[in-house]
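See below for the structure under consideration.
In the numbering used here, the protein residues as written are 169 to 367.
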């Protein structure tokens, strides 16, 4: 079993929204306890699309790390109004971490209803990633179903910059695949981030 990755999607309160660097208090707390928590590396950033959110990713060394202590969640609550998280177990042959280390990271979270065939959805997400990897400026791409919900998927892709991503979404190939994928989802969110990191 692969070591897990946990992605938190945070709604920032007004104070931290005005100065996202304040969130580094939480990053530093986790860093101080990284050995006991089994945290290998942290990534965080505010998406281009929404200055009120912050994505915080923890890469663990183990498939079964201990839960974050109350102290961390208390610190988290001083910067956020709400938060949710997803747990991922990327296979070694398709790791998510290379996408987190590029100039621009894309994180897309999809939920599919019972009426959507998982296999057909899988085929089209694979086609989307293959198309992206064939486009100049896409450095990495992978996706996985979340550990919490077999009908929720997360895609991560690494780009050289926003220009490359926008160039890709204007292609006929992207339009054709997205035109099939989007109606298959019941909920979706997308973020593009220039992530900071600490290990």
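We put the beta carbon where it would ideally sit given N, CA and C, even for glycine. Every value quoted in this text rests on a predicted model; they were computed, and no experiment measured them.
Taking DSSP's pairing of strands, which residues face residue i in a bridge?
i	result
residue 309	325
residue 454	The question about residue 454 has no answer, for the chain in this structure spans 169 to 367.
residue 359	275
residue 365	211
residue 248	180
residue 320	279
Under three-state DSSP, which class holds residue i?
i	result
residue 207	strand
residue 353	coil
residue 222	strand
residue 338	coil
residue 217	coil
residue 314	coil
residue 343	helix
residue 302	coil
residue 296	helix
Would you check if the distance between the CB atom of residue i and the CB atom of residue j is smaller than 9 Å?
i	j	result
residue 258	residue 224	no
residue 275	residue 354	no
residue 335	residue 271	no
residue 267	residue 207	no
residue 174	residue 232	no
residue 209	residue 265	yes
residue 273	residue 180	no
residue 183	residue 251	no
residue 332	residue 351	no
residue 185	residue 220	yes
residue 289	residue 349	yes
residue 321	residue 311	yes
residue 309	residue 286	no
residue 301	residue 244	no
Quick check on the DSSP output: what are the complete beta strand (DSSP E) runs of length 3 or more inside the segment 253-283, in order along the chain? Every beta strand (DSSP E) of 3 residues or more that sits fully in the segment 253-283 is shown, in chain order, as 272-279.
Every unbroken alpha helix (DSSP H) within the segment 170-204, with a cutoff of 4 residues, ordered by chain: Within the segment 170-204, the alpha helix (DSSP H) runs of at least 4 residues that lie entirely inside it are, in chain order, 182-186 and 192-200.
On the three-pair Cβ rule with 8 Å, is the segment 349-360 touching the segment 212-228? In this structure the segment 349-360 lies against the segment 212-228, because at least three pairs of beta carbons, one per stretch, are closer than 8 Å.
Hey, is the segment 176-196 in contact with the segment 337-352, meaning 3+ C-beta pairs nearer than 8 Å? Three or more Cβ pairs closer than 8 Å define a contact, and the segment 176-196 falls short of that threshold against the segment 337-352.
Using 8 Å as the Cβ pair cut-off and three pairs as the minimum, do the segment 293-304 and the segment 231-243 touch? Inter-segment contact for the segment 293-304 and the segment 231-243 is absent: fewer than three beta-carbon pairs are separated by less than 8 Å.
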